[in-house]
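Undergrad: Chains A and B supply the protein sequences, listed in that same order. Just so you know, we're using the working numbering here: the first sequence kicks off at 451 and counts up by one. Just so you know, we're using the working numbering here: the second sequence kicks off at 451 and counts up by one.
There are 2 protein chains.
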Amino acid sequence: MPAQGNPLIDDGLVDFLLYAVLDAESLCQLEAYQQHSKETFDLYIDSVRRFARQDLWPTYKPMDENPPVFRDGRIHTHPGLPALFEQMVDLGVLSATRSESVGGQQMPMLVHTLASAYLMAANLGAYGFIGLTHGAAHLIEAFGDDELKTQFMERMYAGEWTGTMALTEPHAGSSLADITTTATPTDHDYYLIKGSKIFISGADHGITDNVINLTLARIEGAPEGTKGISLFAVPKLREEGGRLVSNDVTVAGLIHKIGWKGLPSLALEFGDEGDCRGWLVGEPNQGLRYMFQMMNQARIMVGVNAAATASAAYHESRLYALDRKQGRKLGTRDSEPVPIIEHADVRRMLLRQKAIVEGSLALLATVAKYADVADHGTTEQERERAQLLLDLLTPVAKTFPAERGFEANALAIQIHGGYGYTSEYLPEAFMRDQKLNSLHEGTSGIQSMDLLGRKVMSKGGAPLRALAEELTSAIGRARESGCDRDLCDALERAVETVGATTMQLGQRGMSGDTDGMLGHSWDYLDMFATLVIGWQWLLMDAAAHTSSISETRRRGIEAAARYWIQTEIPRISILANLCLSNERSYIDAEADWF
Amino acid sequence: MPAQGNPLIDDGLVDFLLYAVLDAESLCQLEAYQQHSKETFDLYIDSVRRFARQDLWPTYKPMDENPPVFRDGRIHTHPGLPALFEQMVDLGVLSATRSESVGGQQMPMLVHTLASAYLMAANLGAYGFIGLTHGAAHLIEAFGDDELKTQFMERMYAGEWTGTMALTEPHAGSSLADITTTATPTDHDYYLIKGSKIFISGADHGITDNVINLTLARIEGAPEGTKGISLFAVPKLREEGGRLVSNDVTVAGLIHKIGWKGLPSLALEFGDEGDCRGWLVGEPNQGLRYMFQMMNQARIMVGVNAAATASAAYHESRLYALDRKQGRKLGTRDSEPVPIIEHADVRRMLLRQKAIVEGSLALLATVAKYADVADHGTTEQERERAQLLLDLLTPVAKTFPAERGFEANALAIQIHGGYGYTSEYLPEAFMRDQKLNSLHEGTSGIQSMDLLGRKVMSKGGAPLRALAEELTSAIGRARESGCDRDLCDALERAVETVGATTMQLGQRGMSGDTDGMLGHSWDYLDMFATLVIGWQWLLMDAAAHTSSISETRRRGIEAAARYWIQTEIPRISILANLCLSNERSYIDAEADWF
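1) Report back the beta-carbon spacing between arginine 798 of chain B and tryptophan 972 of chain A to the nearest angstrom; my notes put them in contact at under 8 Å.
2) Are the beta-carbon atoms of alanine 748 of chain A and isoleucine 648 of chain A separated by less than 7 Å?
3) Report the neighbours of aspartate 1042 of chain B on chain A: residues whose CB is nearer than 7 Å to its CB, in chain order.
4) Please check if any C-beta of chain A sits within less than 7 Å of the C-beta of aspartate 795 of chain B.
5) Looking only at C-alpha atoms, which of B/Ala586, B/Met513, B/Pro508 sits nearest to leucine 544 of chain B?
6) Select from B/Ser680, B/Leu988, B/Thr947, B/Val948 the residue whose C-alpha is nearest the C-alpha of aspartate 934 of chain B.
7) Using 7 Å as the limit for Cβ to Cβ distance, is phenylalanine 649 of chain B near chain A?
8) Can you give the Cα-Cα distance for glycine 709 of chain B and proline 877 of chain B, rounded to whole angstroms?
9) Glutamate 874 of chain B: which of B/Asp461, B/Asp514, B/Lys779 sits nearest, CA to CA?
10) In three-state DSSP terms, what is serine 961 of chain B?
11) Measuring CB to CB, does glutamine 884 of chain A end up less than 7 Å from glycine 855 of chain A?
12) Looking at C-alpha atoms only, which residue of A/Met907, A/Ser1035, A/Asp936, A/Leu800 is the closest neighbour of glutamate 1040 of chain B?
13) Residues in the stretch 704 to 729 of chain B with C-beta within 7 Å of chain A's C-beta atoms, listed in sequence order?
14) Given that aspartate 628 of chain B touches chain A, what residues does it touch there, using C-beta distances under 7 Å?
15) In or out: lysine 804 of chain B buried (at least 16 other Cβ within 10 Å) or exposed?
16) Which residues in the same chain as leucine 840 of chain A place their Cβ atom closer than 7 Å to its Cβ, once the five residues preceding and following it in sequence are excluded?
17) What residues from chain A crowd round serine 873 of chain B, counting only those whose CB sits closer than 7 Å?
18) Determine the DSSP secondary structure at lysine 647 of chain A, reduced to helix, strand or coil.
19) Since phenylalanine 593 of chain A is in the alpha helix (DSSP H), which residue starts that stretch and which ends it?
20) Check each residue of the stretch 1021 to 1039 of chain B: if its Cβ is closer than 8 Å to any Cβ of chain A, include it; give the result in chain order.
21) Tell me whether alanine 533 of chain B is buried or exposed, calling it buried when 16 or more other Cβ atoms sit within 10 Å of its Cβ.
22) Could you pull the start and end residues of the beta strand (DSSP E) that histidine 621 of chain A belongs to?
23) Could you pull the DSSP bridge partners for threonine 728 of chain B from this structure?
24) By Cβ distance, which residues of its chain are closer than 6 Å to valine 464 of chain A, with the 5 residues on each side in sequence left out?
25) Tell me histidine 486 of chain B's beta-bridge partners as DSSP assigns them.
26) Once DSSP output is grouped into helix, strand and coil, what is the label at proline 789 of chain B?
27) How many angstroms separate the CA atom of glycine 721 of chain B from the CA atom of proline 685 of chain B?
28) Do the CB positions of aspartate 654 of chain A and arginine 524 of chain A come within less than 7 Å of each other?
29) Tell me, which residues are paired with proline 877 of chain A by DSSP?
30) Any residues in the stretch 916 to 928 of chain A with a beta carbon nearer than 8 Å to a beta carbon of chain B? Which ones, in chain order?
31) Could you check whether serine 680 of chain B and glutamine 776 of chain A sit closer than 7 Å to each other, using their CB atoms as the reference points?
32) So which residues on chain B does isoleucine 863 of chain A lean against when the C-beta distance must stay under 7 Å?
33) Name the two residues that bound the continuous beta strand (DSSP E) containing arginine 688 of chain B.
34) Using 7 Å as the limit for Cβ to Cβ distance, is leucine 801 of chain A near chain B?
35) For a test of the three-state rule: what should DSSP assign to phenylalanine 682 of chain B, helix, strand or coil?
36) What residues from chain A crowd round glutamine 1016 of chain B, counting only those whose CB sits closer than 8 Å?
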């Protein structure tokens, strides 16, 4: 049976990250956030977490067990969803980070990210409608004209309509250059759209009247490849004469996903009857650029999805381990069985989960704060530097929680023993939910190419230099705070190793040896992420030494920091060797060797 | 859609392992196997693999989608099962390894293990009935008297009735010392059994008339703990007056497992009405000893389950990667998309799967051959040595395929991209199936304690010395065969590291520092297994150099050997450091730090 009182996310951790580690209050000195204070931050988070626990969380298992159904040409979602969606809109989560001019609260991303983690941990699929609608509206806010804003964006931010991202086509998953959906100009203000899309989450649901699909398509005659892709707003229903009529967007099929069961994923057909209208967002042929400008945010949200799911599972297994009695403590012959948390190997699995979950949440909070400063920092220099760090860390903030979060989810099952293998307990559902995060918004492999092939090499190495400064400053802070010297030293050496490795790989790239640079991009990402999470744990360890938190919390942070730095950071030297080695086993492998 | 023509297990690999690596024909010189030859081995494997592919495999997805149902007090399994069970009985798999005296073929475990891998890869749940029935019958064969053999064993080996292992109780999963099911002596030849069992696979099904539950219980007045546990044969129906009547074994519930959907897992009540009869197997209070003598075999079978499941997924993703076109080769701007197997990161995921899957199968075949020699070797010395190696390697042969196989299964999903996240493709089902293998027959954590706390330390270190000899001999063979010297050197160093680490841990144990010895048992198992799989790959690499296999097969083996030894063996030094370090982060962690 599910544990009683799963907190989903640890409130004390959120408080610690916001105020002790990241000094969220300092953001209130920026003009954009000057109406905010610790009080408004806490009020927002409190209201969101209360809703997450009381209203959203109890719907998770019922929705997992009753996925959407495709019947009579439309999608029937769980009957509880409309009310939940409305409540989330009322809480303000849909437009929390947007400016007051578009109905938002101009809440820092830092605060909103941690607040939304509760919602994701409570019910990933149900929250999905919010995340997607926000993303679609934000695209129009950033690149659309006033008419599109009035017509579509405002209604999405208000929660009257929802939004989707319609990128993927059946033959072209990660390869957006190959999309073939077409847009034919007309004499009116719209284009006629024709094509097939797949994996479009939330494109039909019955929760609100209408859905706006932010759709990538090629205008006839556009250049081939990525440079000929434009962005369109393609509503499910369009307004004609004051009422909503069909816009020739049909549901071609419901995809049977293994998780995120609240949120339907669909195959769509645009323009089967030649009457699907799409409105161009921004300039022609700029669609991919627009999408990628929003991609940081989307990928960070995937990281939060992942960290939140791993967090819910961590707490589920922690509560189980405190409750479940079995076996005796090593070396004793006591008569009564002890809670399994007394067994070292169970504690190993818990501490590993804690290190992954809380390290991920810390990284995501850090990255969200960079996003805030990148948008609203006082000086241009400050904004640019934050943007460099945000861009650099995005593939890590997406991939680490997704990949290691999956590992953490498997550990939560393992702690439950045979019960973990049943659908009467929750960890298996969290594991199913989690697996998506390494796949969508760019697979983990693609993130590794993005990190090594693009991000660390960009702007003459400026992003990596900025990160090295952050790390050096964190190590200094840790030393001053009285953190264990061994941990500081280990991280210092790791920074050097990663820096030197990157330099050498960069030289290979510049000499034209692309295979030699990128062949071990996976190991590079692993190495880089291991360091970045080590940095986060050292930051937390430093803050734990100097802030007034409880002794047990401080000891828990110290233990997790020590665990990560002592057991994971040593892998960095191996991974660095692999990146630079002539280990070409799979690079040179041919298709018929398998 | 599932791939066309998934081979489940690679026939060429099986052939290579049997005849090029492990010299299966040499077993025919042993008296027990003298009626066998390469021809009988191949005939058996061929008939099994043909059935697996043609008959069993097509039933996998339907059974996954239509799990058993508990209705009217009994379990309704998939309607295809009775015919499949009968066909497997006809193929002889149920008693293949048993002697002719009990109706078997006295097939070497080596041959049967690889043959049964096809069945497991084709439909793990359906094969489960065979594995369990064999195990239950074998227990009676080994420890029961003639009457029990006539009454139960013969019918199980003949496939008339099936068997189960009824160990686990709701409050005592891994902790068998705490079981409370009681057995009360009567004036007859039976005891009255009373108690509750859980996770009893195959205890009701409707495939055959009767089920014999090999049940652990305490005879009234027996010593506490593990020394007071006896083994009973408790039939679902007992014979009275020539007909079968209820034996007061009732199905209390069906457990909703997330995989192995063909095989129901049940909660059972024995003796609700005071009339459940059990027949003592062997001597009183020896039940746990009997079970553990069968445990090697059960755990190795779990390893084969795991390797087979990972193999089916590997081939599914290999075929997908050959077929699915997307993206361009790195550094090119070709106009047509290429099969994704052309992308280095996809090849990495395939080669990693190959290394895990085929390394696991090789280890399991090696261990199976030790089992054959342990049972039927010519000299006592030969048998003892093989038994030492078998005992030592069992926790590795169970855990490595289960843990790394799960990782391999996740990679098969990853290669399928978004499609891997749907139940329209198979990898997600394999992943669900796989997760059980780290849990049942002793969790991975328990295996790590068994390896370090019991196996490597037993008999004054004799098992480890025997393994070191095997490794040294394999390295010698590899050097002579012209394998890459770097690989041989790396393995040689790893053998030394593992040996030295074990010595030091043994000293800690002997000085009474149990925590210091066992605290990093997980890392020890990881280190040990990494070496053992390296050994297997070097053996395969050596055999590939000297046997007449195709060039592509040889290159594939070389690539996987190089991959494992170059990317995984380096971790051994880190793991050794952790085992010996004062890294006590989780060992010292207290329950409220989490």
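Yeah, the Cβ is synthetic: ideal placement off N, Cα and C, and Gly gets one too.
TA: Here's the rundown:
1) To locate residue 798 of chain B, count along the second sequence from 1; it is residue 348. To locate residue 972 of chain A, count along the first sequence from 1; it is residue 522. Right, their Cβ atoms sit about 6 Å apart.
2) Taking the first sequence and counting its residues from 1, the one referred to as residue 748 of chain A is at position 298. Taking the first sequence and counting its residues from 1, the one referred to as residue 648 of chain A is at position 198. No, these two residues do not count as a Cβ contact at 7 Å.
3) Residue mapping note: residue 1042 of chain B aligns to position 592 of the second sequence, counting from 1. Correct list: Thr1002.
4) Here residue 795 of chain B refers to the residue found at position 345 when the second sequence is read from its first residue. Taking Cβ atoms only, chain A reaches closer than 7 Å to aspartate 795 of chain B, which makes this a yes.
5) Position 94 of the second sequence, counted from the first residue, corresponds to residue 544 of chain B. If we check each option's Cα against that of leucine 544 of chain B, B/Ala586 comes out closest.
6) Residue mapping note: residue 934 of chain B aligns to position 484 of the second sequence, counting from 1. When each option's Cα is compared against that of aspartate 934 of chain B, the closest is B/Leu988.
7) Within the second sequence, numbered from 1, the residue matching residue 649 of chain B stands at position 199. Output row for phenylalanine 649 of chain B: interface = yes.
8) Against the second sequence, residue 709 of chain B aligns to sequence position 259. Against the second sequence, residue 877 of chain B aligns to sequence position 427. Going from the Cα of glycine 709 of chain B to the Cα of proline 877 of chain B covers about 12 Å.
9) Taking the first residue of the second sequence as 1, we reach residue 874 of chain B at position 424. Selected option, being the one with the closest Cα: B/Asp514.
10) Reading the second sequence from its first residue, position 511 is the one you call residue 961 of chain B. It is coil, neither helix nor strand.
11) Position 434 of the first sequence, counted from the start, is the residue given in the question as residue 884 of chain A. Position 405 of the first sequence, counted from the start, is the residue given in the question as residue 855 of chain A. Result yes, Cβ atoms of glutamine 884 of chain A and glycine 855 of chain A sit closer than 7 Å.
12) Here residue 1040 of chain B refers to the residue found at position 590 when the second sequence is read from its first residue. The candidate whose alpha carbon is nearest that of glutamate 1040 of chain B is A/Leu800.
13) Ile705, His706, Lys707, Ile708
14) Position 178 of the second sequence, counted from the start, is the residue given in the question as residue 628 of chain B. What aspartate 628 of chain B touches in chain A: Pro787.
15) The count along the second sequence starts at 1 and reaches residue 804 of chain B at position 354. Result: buried.
16) Along the first sequence, read from residue 1 onward, the residue named residue 840 of chain A stands at position 390. Around leucine 840 of chain A: Asn746, Val817, Tyr820, Ala821, Ala824.
17) By 1-based counting over the second sequence, the position of residue 873 of chain B is 423. In chain order: His706, Ile708.
18) Stepping through the first sequence from its first residue, residue 647 of chain A is reached at position 197. If DSSP states are grouped into helix, strand and coil, lysine 647 of chain A belongs with the strands.
19) Here residue 593 of chain A is taken as the residue at index 143 of the first sequence, counted from 1. Phenylalanine 593 of chain A -> alpha helix (DSSP H) spans 574 to 593.
20) Arg1021, Ile1024, Asn1027, Leu1028, Ser1031, Glu1033, Ser1035, Tyr1036, Ile1037, Asp1038, Ala1039
21) Walking along the second sequence from the start, residue 533 of chain B turns up at place 83. By the neighbour-count rule (16 or more Cβ atoms within 10 Å), alanine 533 of chain B is not buried but exposed.
22) As a position in the first sequence, residue 621 of chain A is number 171, starting the count at 1. No beta strand (DSSP E) holds histidine 621 of chain A; DSSP gives it neither H nor E.
23) For the purposes of this step, residue 728 of chain B is identified with residue 278 of the second sequence, where counting begins at 1. For the record, residue 728 of chain B in the displayed sequence is glycine; it is not threonine. B/Tyr641, per the DSSP bridge assignment.
24) Stepping through the first sequence from its first residue, residue 464 of chain A is reached at position 14. So the qualifying residues of the chain are Leu564.
25) Walking along the second sequence from the start, residue 486 of chain B turns up at place 36. DSSP lists no partner for histidine 486 of chain B.
26) Looking up residue 789 of chain B in the second sequence gives position 339. Looking at proline 789 of chain B - three-state DSSP - the assignment turns out to be strand.
27) The residue labelled residue 721 of chain B in the question sits at position 271 within the second sequence. The residue labelled residue 685 of chain B in the question sits at position 235 within the second sequence. The straight-line gap from Cα to Cα measures roughly 12 Å.
28) Counted from its first residue, the first sequence places residue 654 of chain A at position 204. Counted from its first residue, the first sequence places residue 524 of chain A at position 74. Yes. Within cutoff.
29) Against the first sequence, residue 877 of chain A aligns to sequence position 427. Proline 877 of chain A pairs with nothing; no bridge assigned.
30) none
31) Counting from 1 along the first sequence, the entry for residue 776 of chain A is found at position 326. Counting from 1 along the second sequence, the entry for residue 680 of chain B is found at position 230. In this structure, serine 680 of chain B does not lie closer than 7 Å to glutamine 776 of chain A by Cβ.
32) The residue labelled residue 863 of chain A in the question sits at position 413 within the first sequence. Near isoleucine 863 of chain A (Cβ distances below 7 Å), the residues of chain B are Lys885.
33) Residue 688 of chain B sits at position 238 when you count from the first residue of the second sequence. Taken as a continuous stretch (DSSP letters only), the beta strand (DSSP E) holding arginine 688 of chain B covers 687 to 690.
34) Taking the first residue of the first sequence as 1, we reach residue 801 of chain A at position 351. Yes - at least one Cβ of chain B is within 7 Å of the one on leucine 801 of chain A.
35) Position 232 of the second sequence, counted from the start, is the residue given in the question as residue 682 of chain B. Note: phenylalanine 682 of chain B maps to strand in three-state DSSP.
36) The residue labelled residue 1016 of chain B in the question sits at position 566 within the second sequence. Ordered by position in chain A, the residues that pass the 8 Å Cβ test against glutamine 1016 of chain B are Leu1028, Ser1031, Glu1033, Ser1035.
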